[in-house]
């Protein structure tokens, strides 16, 4: 391996922190969408804006990878991490979009529990990004994400069982199942981000 | 980068043009399947044949990659492009297959609008392939595909909203949702092909 | 290519045989889950255990790849093969899990035909793994897997047509469709494993 030259250019770390910060904002909008008094049209519009801003950050990272000679870690890892974070945002946007599109008026209370898991994932992901520079405390982050993913999986199975318990009509099940699955998709996407961070940390150690 | 030796062997360009031409044929069969008087069994049989022929072209490309010493661009890019085009055909085949399998008699008129987008995607993809040789005019192609993908996405959301509007029974929604999602899958597959072409063009420029 | 040093360390071959053996056990549990007198809770518990054991084998392979200097074939291929086998187990686990979760009491008889295909896939995959060492008789294995995948595909389409024939209520269709699709997912996952083995054999030949 030899000595590793760690560039002083901190832009990549800043951009990843910015990208993960968009996820915190997205998770908040998701929680807002689920509140009983939410103006679905308005929240969806703001989510779309947030998603565009997140796209901007992703593009800034990709542009920088393509124009920078020395990158703090493998180009491919940078690209994977950026698109992994982007995927989370897309999944959260999809949940909001489905609630609007399907005109779901009454959402089962369990959805909120799942969105709380998502908010927690967003917070610790955002808190972990600045640590990419020192490569410190990342292990706690991915262990916690894995724990949250397990909690999310249990919630997910409980929601599905409830959906199919006979309480809901087929049409409602059809709508809610898509929403429930997108929520799980968002949590899985957070786990993928943590896995990418883990791989980067293993390589750099 | 240094000088790049561009082989005079034009077989790859011809094969990609042939592959994309299969997509034009596939999109026509898709449109035929949606017409009110279509013989579903017969169109599905012809689609299956078209899909086999497209497979042949894909295999011809892969065989050639494996046996040619100098390829016009990276082997992996050639492989990605070939399998990307193949994926489009598979998605169009899936739509036809689902209509046959689910015995859907009455298809919402909006499906035709979406198939028109697919036909347009197929045409411009086929028109772009010969330009891989000169690497000219490719930007217009992928900008147009991205525009069509946006149009397709709007159609898709409108169709889903209609499906869940209460007009359809749950059983019909179940069937049509699969078909509507496969149509969107075909458009997404076209966008992936355009992204691969873009990556190739960026590398070669 | 030059001479290839084939290490005498047989651990990798043993681990892959062990991994594929878990699939045979998983397929048996799947068959048991479908029997009329099955105790769903109990079979699902045993499936979860089997899945954990399979995970252990996968991790043992990954650990060994990371700590061994000379591997019998490319590290990436070893990793792909291990995770390919793992994916099969996950799909079989998912089927069992869905039957439990959706509380499906009466399963269409055709599901058993599909599970027989899966059992056969598991058996020949397990039988093929020890042949990775000599690279003999692998072609018969992947040809047979491809044949089984075709049989499975026909079964799958027949089951879907039956599901949508009008005999089942939308709610039942919703449940059974997920199960039917997971069964197909398991067969597809077996095919992916066979493709990875084929790629390895081609490289080594």
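Residue numbers (our numbering), protein chains in the order written: chain Y, 190 to 394; chain U, 190 to 394; chain A, 190 to 394.
By construction, the Cβ of each residue, glycine as well, lies at the ideal position given by its N, Cα and C atoms.
(request) Pair every Cβ in the segment 219-233 of chain Y with every Cβ in the segment 242-255 of chain Y, then say whether three or more of these pairs are closer than 8 Å. (result) Pairwise C-beta distances place the segment 219-233 of chain Y out of contact with the segment 242-255 of chain Y, as fewer than three of them are shorter than 8 Å.
(message) On the CB-based measure, 16 or more other CB atoms within 10 Å of its CB, does residue 250/Y come out buried or exposed?
(response) Reading the first chain from its first residue, position 61 is the one you call residue 250/Y. Here residue 250/Y is buried, its C-beta having at least 16 other C-beta atoms within 10 Å.
(request) Would you give the residue range spanned by the alpha helix (DSSP H) that residue 321/A belongs to? (result) For the purposes of this step, residue 321/A is taken as the residue at position 132 of the third chain. Residue 321/A -> no alpha helix (DSSP H), and no H or E assigned at all.
(request) Find the nearest neighbour of residue 376/U within the set 331/U, 252/U, 389/U, 222/U, judged by alpha-carbon distance. (result) As a first step, residue 376/U is located in the second chain; it is residue number 187 there, counting from the start. The shortest C-alpha to C-alpha distance from residue 376/U to any of 331/U, 252/U, 389/U, 222/U is the one to 331/U.
(message) Nearest by alpha-carbon distance to residue 342/U: which of 374/U, 364/U, 259/U, 202/U is it?
(response) The residue labelled residue 342/U in the question sits at position 153 within the second chain. Nearest C-alpha to residue 342/U: 374/U.
(request) Give the residues of chain A in contact with residue 363/Y, contact being defined as C-beta atoms less than 9 Å apart. (result) As a working note, residue 363/Y is residue 174 in the first chain. Here the neighbours are 359, 363.
(request) Using a cut-off of 7 Å between C-beta atoms, extract the partners of residue 290/U located in chain A. (result) For this step, residue 290/U is matched to residue 101 along the second chain. Per Cβ cutoff of 7 Å: 346, 349, 350.
(message) If we define contact as Cβ-Cβ less than 8 Å, is residue 383/Y a contact residue for chain A?
(response) The sequence position of residue 383/Y within the first chain is 194, counting from 1. By this cut-off, residue 383/Y is not an interface position.
(request) Please report how far the alpha carbon of residue 340/A lies from the alpha carbon of residue 290/Y, in whole angstroms. (result) Along the third chain, read from residue 1 onward, the residue named residue 340/A stands at position 151. Along the first chain, read from residue 1 onward, the residue named residue 290/Y stands at position 101. Distance between the alpha carbons of residue 340/A and residue 290/Y is about 39 Å.
(message) Which runs of the alpha helix (DSSP H) at least 4 residues long sit entirely within the segment 302-375 of chain Y? Give them in chain order.
(response) Runs found: 327-352.
(message) Is it buried or exposed, residue 211/U, if we count other Cβ atoms within 10 angstroms and call 16 or more buried?
(response) Numbered from 1 along the second chain, position 22 holds the residue referred to as residue 211/U. Per the 10 Å Cβ criterion, buried.
(message) Against chain U, with Cβ distances strictly below 8 Å, would residue 205/A count as a contact?
(response) Against the third chain, residue 205/A aligns to sequence position 16. Cβ-Cβ to chain U under 8 Å: no for residue 205/A.
(message) Do residue 213/Y and residue 311/Y have their beta-carbon atoms positioned less than 8 Å apart in this structure?
(response) Your numbering for residue 311/Y matches position 122 in the first chain. Your numbering for residue 213/Y matches position 24 in the first chain. Cβ distance < 8 Å, so residue 311/Y and residue 213/Y count as in contact.
(message) For residue 219/Y and residue 301/Y, what's the separation of their Cα atoms in angstroms?
(response) Counting from one through the first chain, the residue named residue 219/Y turns up at place 30. Counting from one through the first chain, the residue named residue 301/Y turns up at place 112. Distance between the alpha carbons of residue 219/Y and residue 301/Y: 9 Å.
(message) Here's a check: name, in chain order, each residue in its chain whose Cβ is nearer than 8 Å to the Cβ of residue 208/U, leaving out the five neighbours to either side.
(response) Numbered from its first residue, the second chain carries residue 208/U at position 19. 243, 246, 247, 250, 271, 274, 275, 318, listed in sequence order.
(request) Round the Cβ separation of residue 383/A and residue 307/A to the nearest angstrom and send it over; I've been treating them as touching at under 8 Å. (result) Your numbering for residue 383/A matches position 194 in the third chain. Your numbering for residue 307/A matches position 118 in the third chain. Incorrect: roughly 14 Å between the Cβ atoms, too far for contact.
(request) Kindly say whether residue 353/U, judged by its beta-carbon, lies nearer than 8 Å to any beta-carbon of chain Y. (result) As a working note, residue 353/U is residue 164 in the second chain. Cβ-Cβ to chain Y under 8 Å: yes for residue 353/U.
(message) Against chain U, with Cβ distances strictly below 8 Å, would residue 190/A count as a contact?
(response) Here residue 190/A is taken as the residue at index 1 of the third chain, counted from 1. Its pLDDT being 43, under 50, residue 190/A is placed unreliably in this model, and the coordinates cannot settle the point.
(message) Can you tell me where the alpha helix (DSSP H) holding residue 272/A begins and where it ends?
(response) Position 83 of the third chain, counted from the first residue, corresponds to residue 272/A. Its alpha helix (DSSP H) spans residues 264-290.
(message) Using a Cβ-Cβ cutoff of less than 7 Å, which residues in the same chain neighbour residue 205/U once the five nearest sequence positions on both sides are dropped?
(response) Taking the first residue of the second chain as position 1, residue 205/U is located at position 16. 270, 318, 321.
(request) Would you identify the three-state DSSP class for residue 381/U, choosing helix, strand or coil? (result) Sequence index remark: in the second chain, residue 381/U carries index 192 (1-based). Looking at residue 381/U - three-state DSSP - the assignment turns out to be helix.
(message) Please state the DSSP three-state secondary structure of residue 209/Y.
(response) Numbered from 1 along the first chain, position 20 holds the residue referred to as residue 209/Y. Helix, per DSSP.
(request) Please look up how many angstroms separate the CB atoms of residue 130/Y and residue 360/A, rounded, as I've assumed it's under 8 Å. (result) The question about residue 130/Y has no answer, for chain Y in this structure spans 190 to 394.
(request) Identify, in the order they occur along the chain, each residue of the same chain with its Cβ nearer than 8 Å to the Cβ of residue 385/Y, setting aside the five sequence neighbours on each side. (result) As a first step, residue 385/Y must be located in the first chain, where it is residue number 196. Closer than 8 Å at the Cβ level, and outside the excluded window around residue 385/Y, lie 266, 269, 270, 273.
(request) Give a single yes or no on whether residue 332/A has its beta carbon closer than 7 Å to a heavy atom of the ligand MN. (result) Only the bare structure without any ligand can be found here, which leaves the ligand MN out of the picture.
(message) If the criterion is Cβ atoms closer than 8 Å, does the pair residue 287/U and residue 228/U meet it?
(response) Position 98 of the second chain holds residue 287/U. Position 39 of the second chain holds residue 228/U. Taking 8 Å as the cut-off, the beta carbon of residue 287/U is found no closer than this to the beta carbon of residue 228/U.
(request) Report the rounded CA-to-CA distance for residue 325/A versus residue 314/A, giving the unit in angstroms. (result) Locating residue 325/A in the third chain gives position 136, where the first residue counts as 1. Locating residue 314/A in the third chain gives position 125, where the first residue counts as 1. So the alpha carbons of these two residues sit roughly 14 Å apart.
(request) Please name the residue, chosen from 238/Y, 253/Y, 221/Y, 296/Y, that lies closest to residue 202/Y on a Cα-to-Cα basis. (result) Within the first chain, the letter at position 13 stands for residue 202/Y. The option with the nearest alpha carbon to residue 202/Y is 253/Y.
(request) Put residue 257/A into one of helix, strand or coil per three-state DSSP. (result) Translated into positions along the third chain, residue 257/A becomes position 68. DSSP places residue 257/A in coil when its eight states are reduced to three.
(message) So for residue 389/Y, helix, strand or coil by DSSP?
(response) Here residue 389/Y refers to the residue found at position 200 when the first chain is read from its first residue. If DSSP states are grouped into helix, strand and coil, residue 389/Y belongs with the helices.
(request) Identify whether residue 232/A lies in helix, strand or coil by the three-state DSSP scheme. (result) As a position in the third chain, residue 232/A is number 43, starting the count at 1. In this structure, residue 232/A counts as helix in the three-state DSSP scheme.
(request) Round the Cβ separation of residue 303/Y and residue 352/Y to the nearest angstrom and send it over; I've been treating them as touching at under 8 Å. (result) Within the first chain, the letter at position 114 stands for residue 303/Y. Within the first chain, the letter at position 163 stands for residue 352/Y. That belief does not hold up - the Cβ atoms of residue 303/Y and residue 352/Y are roughly 13 Å apart, past 8 Å.
(message) I need the straight-line Cα distance from residue 328/A to residue 387/A, nearest angstrom please.
(response) Numbered from its first residue, the third chain carries residue 328/A at position 139. Numbered from its first residue, the third chain carries residue 387/A at position 198. When rounded, the distance between both Cα atoms is 8 Å.
(request) Count the other C-beta atoms from every protein chain shown that fall within 10 angstroms of the C-beta of residue 239/U, then say buried if there are 16 or more, exposed otherwise. (result) Translated into positions along the second chain, residue 239/U becomes position 50. Residue 239/U is classed as buried because its beta carbon has at least 16 other beta carbons within 10 Å across all chains shown.
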